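Asker: End of the sequence shown sits at 214 in the numbering used here; the numbers just go up one at a time, nothing left out.
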Amino acid sequence: MRSVSRLARLSPLAAVPLLLQPSAALADETEFWVELAAKGEIAPGTSFKFELEERRKDGPNEYIVGAVVDRDVGDGFSIGGGMEVHDTGGFTEIRPYQQVGYKTGILSLRTRIEERFYDDADRMALRLRQRVQISDSIAPKLKAAGSVELLYQLRDRNDGGPQRIDQWRFNAGLTYRAADKLEITGGYLLQLRPRPGGDTYTHVPQASLAYRF
Numbered sequence: 002m003r004s005v006s007r008l009a010r011l012s013p014l015a016a017v018p019l020l021l022q023p024s025a026a027l028a029d030e031t032e033f034w035v036e037l038a039a040k041g042e043i044a045p046g047t048s049f050k051f052e053l054e055e056r057r058k059d060g061p062n063e064y065i066v067g068a069v070v071d072r073d074v075g076d077g078f079s080i081g082g083g084m085e086v087h088d089t090g091g092f093t094e095i096r097p098y099q100q101v102g103y104k105t106g107i108l109s110l111r112t113r114i115e116e117r118f119y120d121d122a123d124r125m126a127l128r129l130r131q132r133v134q135i136s137d138s139i140a141p142k143l144k145a146a147g148s149v150e151l152l153y154q155l156r157d158r159n160d161g162g163p164q165r166i167d168q169w170r171f172n173a174g175l176t177y178r179a180a181d182k183l184e185i186t187g188g189y190l191l192q193l194r195p196r197p198g199g200d201t202y203t204h205v206p207q208a209s210l211a212y213r214f
């Protein structure tokens with residue numbers, strides 16, 4: 002079991018067969034994420050997105066308010082930054098971030114650095130997120146997308162905390178253009194959190210409604 006667990010930490014491909022088998026080392030949870038968003042161009046080559054999200058889970062639900070701006074810089078590259086405020090039962094996290102993106106054809110890459118400020122924490126936490134995504138139209142007004150994302154904890158919020166893989170995210174979804182300025186998305190996210198005391202994974206059905214301006 003230890004050798005399998007190590008492989009799961011090293012590669013998302015190793016994690017897939019592990020997740021398909023019952024294991025005492027894995028505990029599973031279920032959440033449901035709902036998002037409302039507004040997005041569009043605010044200047045030539047510059048996009049803006051505002052979002053409200055609720056993450057329903059066992060215990061207190063999590064509520065998120067966020068906004069992000071991205072700027073095309075040529076040759077498929079973009080740079081941007083944003084801010085999110087997370088609240089879970091009165092416990093608050095403020096999360097500014099910066100990101101670089103690259104898109105060619107159906108493939109897109111995103112690298113994000115997050116500064117995470119928590120209530121009653123020793124210090125600011127720092128996390129790296131690297132995502133690989135494929136998306137393409139599969140029918141009129143219908144687009145499919147799938148992604149794998151690594152979230153790596155560069156610095157823990159508590160002194161002496163570990164550097165480690167925070168989680169792997171495997172995501173798939175369909176987006177339907179219901180009207181000229183309205184998109185509806187349904188998806189599924191699988192989160193794997195490797196931990197020395199026992200790994201956990203979370204099943205997350207997702208639904209979002211986005212207005213394009």
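The beta-carbon is built from N, C-alpha and C at its ideal position, and this holds for glycine as well. Keep in mind the model is a prediction, meaning the values are calculated, not measured.
(1) Let me know if D71 comes out buried or exposed under the rule of 16 or more other beta-carbons within 10 Å of its beta-carbon.
(2) Considering only DSSP beta bridges, list what G187 is partnered with.
(3) So, helix, strand or coil for I114, using DSSP?
(4) By how many angstroms is the C-alpha of G188 removed from the C-alpha of D172?
(5) Below 6 Å CB to CB, which residues in the same chain sit around G90 once its five sequence neighbours on both sides are set aside?
(6) When DSSP labels each residue in this structure, what does K182 get in the three-state scheme?
(7) Alpha carbon to alpha carbon, what distance is there between Y103 and P163?
(8) Relative to the alpha-carbon of S74, which residue among V101, R96 and N159 has its alpha-carbon at the smallest distance?
(9) Do you know how far the Cα of A44 is from the Cα of E116?
(10) Compare the C-alpha of E36 against each of F49, T47, S48 and G67 and name the closest.
(11) One question on the structure: do F33 and R57 come within less than 7 Å of each other, judged by their Cβ atoms?
(12) Under DSSP, the beta strand (DSSP E) around K144 begins and ends at which residues?
Answerer: Here's the rundown:
(1) buried
(2) L175 and A208
(3) strand
(4) The sequence as given places Asn at residue 172; Asp does not occur at that position. The straight-line gap from Cα to Cα measures roughly 7 Å.
(5) P61
(6) coil
(7) 30 Å
(8) In the sequence under discussion, the amino acid at residue 74 is Val, which differs from the Ser named in the question. Comparing Cα positions, the closest option is V101.
(9) 27 Å
(10) G67
(11) yes
(12) L143 to R156
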